[in-house]
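Engineer: Note that numbering that gives the first Met the number 0 has the sequence shown beginning at 0, numbered continuously upward. Ideal placement from N, C-alpha and C gives every residue a C-beta, glycine not left out.
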Amino acid sequence: MKILVLNGPNLNLLGEREPTVYGDNSLQSINERLSAKAEKMGFQLDFFQTNSEGGIIDKLHEARRDCAGVILNAGAYTHYSYAIRDAIAAIKIPVIEVHLSNVDNREEFRKNSVIAPVCRGSISGFGEYSYALALDALSYISGDEK
Ligand code: DQA
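Here is the structure:
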């Protein structure tokens, strides 16, 4: 079972970007730990990071052909991209929204997610563990507790 882990704008700078908010770990090290967990669960992960809105949309379209689900951190696009929202609504596979930080206890604009209503669920505030929880959630909803 293949899962796409899709990270949006500025997440390539994890580790150096606002470490008090997003932690000290690089995206690569987060992905490596997630990969090790996925392997034990019998999942194969496909990782992709892009700073562009169109890149996220193209990857969501691609994923609908060969992935069982998507773990998506859309970064700031979360709060205003109707195009990403429409792309999620257009595909049938489950998309889990994730955030490292707790978007509900930060600035006002972060409290609104335009993608949440079309995602299968949202996980926010657990640092890199948000991705691990999303993987558990996908495993749970697939009924495949390998
Ligand atoms: C984020 C939260 C967003 O509000 C922000 O724009 C990000 C990262 C998070 O993972 O906490 O880029 O998605």
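Which residues have a Cβ closer than 6 Å to any heavy atom of the ligand DQA, listed in chain order?
Structural biologist: Having a Cβ closer than 6 Å to some heavy atom of the ligand DQA are N9, N72, G74, A75, T77, H98, L99, S100, V102, R109.
Engineer: Please classify N6 as buried or exposed, where buried requires at least 16 neighbouring CB atoms within 10 angstroms.
Structural biologist: So N6 ends up on the buried side.
Engineer: Is the segment 115-132 close to the segment 93-100, with three or more CB pairs under 8 Å?
Structural biologist: Cβ pair count under 8 Å is three or more, so yes.
Engineer: In whole angstroms, what is the alpha-carbon distance linking A35 and A131?
Structural biologist: About 11 Å.
Engineer: With distances taken Cα to Cα, identify the nearest neighbour of H78 among S112, G142, Y128.
Structural biologist: It is S112.
Engineer: One question on the structure: do L99 and G22 come within less than 8 Å of each other, judged by their Cβ atoms?
Structural biologist: Contact flag set, yes.
Engineer: From what residue to what residue does the beta strand (DSSP E) around L71 run?
Structural biologist: Per DSSP, L71 belongs to the beta strand (DSSP E) from 68-72.
Engineer: Should the segment 0-18 be called in touch with the segment 64-83, which here means at least 3 C-beta pairs below 8 Å?
Structural biologist: Yes, they touch.
Engineer: According to DSSP, is K91 helix, strand or coil?
Structural biologist: Coil.
Engineer: For the beta strand (DSSP E) containing D45, list its first residue and its last residue.
Structural biologist: 43-48 is the extent of the beta strand (DSSP E) around D45.
Engineer: Three-state secondary structure (DSSP) at L54?
Structural biologist: It is worth fixing the name first, because residue 54 is Gly in this sequence and not Leu. In this structure, G54 counts as helix in the three-state DSSP scheme.
Engineer: Identify every residue that forms a DSSP beta bridge with E96.
Structural biologist: L71, S121, per the DSSP bridge assignment.
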